[in-house]
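K.L.:
Counting from 1 along the sequence shown, just add 89 to a position and that's the residue number in the working numbering.
Using N, Cα and C, we set each Cβ at its ideal position, and we do this for glycine too.
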Amino acid sequence: MNKVSLNVCPLCGGTQLEPTLTCVDHYVSGEVFRLYRCHDCGFVFTQDFPAETEIGRYYDTPAYISHSDTRKGLVNTLYHWVRAYMLRRKARLVEDQAHCNGGRLLDIGAGTGYFAHTMQRRGWQVEAVEKNVAARAFAEEHFGLRIQPENVLPDLPGQQYNVITLWHVLEHMEHLNETWAHLRRLLAPRGVLIIAVPNSSSFDARKYGAHWAAYDVPRHLWHFTPDTMQRMGAKHGFILSGHYPMPFDAFYVSMLSEKYLHHSLPFVRGLMTGTAAWFKALARKEQSSSMIYVFRGRSTC
Ligand SMILES: [Zn+2]
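Laid out in structure tokens, this is it:
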């Protein structure tokens, strides 16, 4: 298999990289992948992950709900209910941060198009990109959205987007620094960049260790924390202007983690851990299972 082995930290360029956790791909392949940590900056990533040309088959399951939209099973039903709530919350967050109720919005990794559709209905001029062909077809069929493939990013016009969003997408993107460079180029001078990613320093990540479902190897390549996200943004000319917890994710992630551990009553156990994680995130938002980061371009004058 064509694998990507990193010998330089994508965040700081450090070369002292150490194995930290060994994780199993529970969703698709059952294969084992190792997470490495940079000694200098603490950035964690999946080592020896399948190259872009090969990663497709690791998404090839109906269980991958962000693409296939399956409603089978209690956990997925709950996921869909939470998604409706989160769509409204995301839309409000975007409008609060952008200080307006319309403008040009680019959604990267749009999946099946729910968020793009929501924003379009609220009056935004929405463009979206997504690399998965089936997800693009779903978005077109259900919402009439014309979503472009991900490889158009370099060809999109610079400094045109008032808002750019990446909802649980950045951790999947192989070319991390190139992606950040695109974001910097595409964002309008007073624009806002909103990125949601799992938080590998969260309460539930620490509780489950290698079994934490949001490591999701090898689909998740980068395992961010509030600290590494802030530094990654700064490296590419952004200032972190806010970060917000996504405490609902802890319930879903904990239930999946319990399932992967083959514990009895994974739903009940996951609910209990999710509740504990909720309270932890209330006390200190940096403990939240996933975080939303709001970046603005650093002024060049
Ligand atoms: Zn580093």
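Report the option in 99, 107 and 116 whose CA atom is closest to the CA atom of residue 304.
P.N.:
Position 215 of the sequence shown, counting from 1, holds the residue named residue 304. Ranking 99, 107 and 116 by Cα distance to residue 304 puts 116 first.
K.L.:
In whole angstroms, give me the CA-to-CA distance for residue 326 and residue 386.
P.N.:
Along the sequence shown, read from residue 1 onward, the residue named residue 326 stands at position 237. Along the sequence shown, read from residue 1 onward, the residue named residue 386 stands at position 297. Going from the Cα of residue 326 to the Cα of residue 386 covers about 6 angstroms.
K.L.:
Let me check you understand the geometry: is the CB of residue 132 closer than 8 angstroms to at least one non-hydrogen atom of ligand 1?
P.N.:
Counted from its first residue, the sequence shown places residue 132 at position 43. Indeed, a heavy atom of ligand 1 lies less than 8 angstroms from the Cβ.
K.L.:
May I ask you to check if the CB of residue 316 is nearer than 8 angstroms to at least one heavy atom of ligand 1?
P.N.:
One-based indexing of the sequence shown puts residue 316 at position 227. No, the Cβ of residue 316 stays beyond 8 angstroms of every heavy atom of ligand 1.
K.L.:
Closer than 8 angstroms: is that where the CB of residue 322 sits relative to any heavy atom of ligand 1?
P.N.:
Walking along the sequence shown from the start, residue 322 turns up at place 233. Checking every heavy atom of ligand 1 against the Cβ of residue 322, none is found closer than 8 angstroms.
K.L.:
Which partner residues does residue 250 have in the DSSP bridge list?
P.N.:
As a position in the sequence shown, residue 250 is number 161, starting the count at 1. Paired residues: 276.
K.L.:
To the nearest whole angstrom, what separates the beta carbons of residue 202 and residue 253, a pair I think is in contact under 8 angstroms?
P.N.:
In the sequence shown, residue 202 corresponds to position 113, counting from 1. In the sequence shown, residue 253 corresponds to position 164, counting from 1. The pair is not a contact, with the Cβ atoms about 16 angstroms apart (cut-off 8 angstroms).
K.L.:
Within the stretch 314-346, note down every full alpha helix (DSSP H) run reaching 4 residues or more, in order along the chain.
P.N.:
List check, alpha helix (DSSP H) in window: 315-324.
K.L.:
For residue 176, I'd like the list of residues in its chain whose CB is within less than 8 angstroms of its CB, leaving aside the five on either flank, ordered along the chain.
P.N.:
Here residue 176 refers to the residue found at position 87 when the sequence shown is read from its first residue. Cβ neighbours of residue 176 beyond the five flanking positions: 203, 204 and 207.
K.L.:
Roughly how many angstroms lie between the CA atoms of residue 214 and residue 105, to the nearest whole one?
P.N.:
Position 125 of the sequence shown, counted from the first residue, corresponds to residue 214. Position 16 of the sequence shown, counted from the first residue, corresponds to residue 105. Residue 214 and residue 105: Cα-Cα distance of roughly 45 angstroms.
K.L.:
Going along the chain, which unbroken runs of the beta strand (DSSP E) with 3 or more residues stay wholly within the stretch 198-254?
P.N.:
The stretch 198-254 contains these whole beta strand (DSSP E) runs: 214-218.
K.L.:
Around the C-beta of residue 99, are 16 or more other C-beta atoms found within 10 angstroms, so that it is buried, or is it exposed?
P.N.:
Taking the first residue of the sequence shown as 1, we reach residue 99 at position 10. Counting Cβ neighbours within 10 Å, residue 99 comes out buried, since at least 16 surround it.
K.L.:
Rounding to the nearest angstrom, what Cα-Cα distance links residue 210 and residue 109 in this structure?
P.N.:
Mapped onto the sequence shown, residue 210 falls at position 121. Mapped onto the sequence shown, residue 109 falls at position 20. If I take the Cα positions, the gap works out to 44 angstroms.
K.L.:
Going by the beta-carbon positions, is the gap between residue 375 and residue 309 smaller than 9 angstroms?
P.N.:
For the purposes of this step, residue 375 is taken as residue 286 along the sequence shown, with counting starting at 1. For the purposes of this step, residue 309 is taken as residue 220 along the sequence shown, with counting starting at 1. No. Outside cutoff.
K.L.:
Classify residue 96 as helix, strand or coil using the three-state DSSP reduction.
P.N.:
Position 7 of the sequence shown, counting from 1, holds the residue named residue 96. In this structure, residue 96 counts as coil in the three-state DSSP scheme.
K.L.:
Should the stretch 277-295 be called in touch with the stretch 215-235, which here means at least 3 C-beta pairs below 8 angstroms?
P.N.:
Touching, no.
K.L.:
Using the Cβ count rule (16 or more neighbours within 10 Å means buried), how would you classify residue 133?
P.N.:
Residue mapping note: residue 133 aligns to position 44 of the sequence shown, counting from 1. Buried: at least 16 other Cβ atoms inside 10 Å.
K.L.:
Beta strand (DSSP E) containing residue 357: first to last residue?
P.N.:
Position 268 of the sequence shown holds residue 357. Counting along the chain, residue 357 falls outside any beta strand (DSSP E), though it belongs to the alpha helix (DSSP H) covering 355-372.
K.L.:
Can you check the stretch 277-304 for any alpha helix (DSSP H) of at least 4 residues that lies completely inside it and give the ranges in chain order?
P.N.:
Entirely contained in the stretch 277-304, the alpha helix (DSSP H) runs reaching 4 residues are, in chain order, 292-297.
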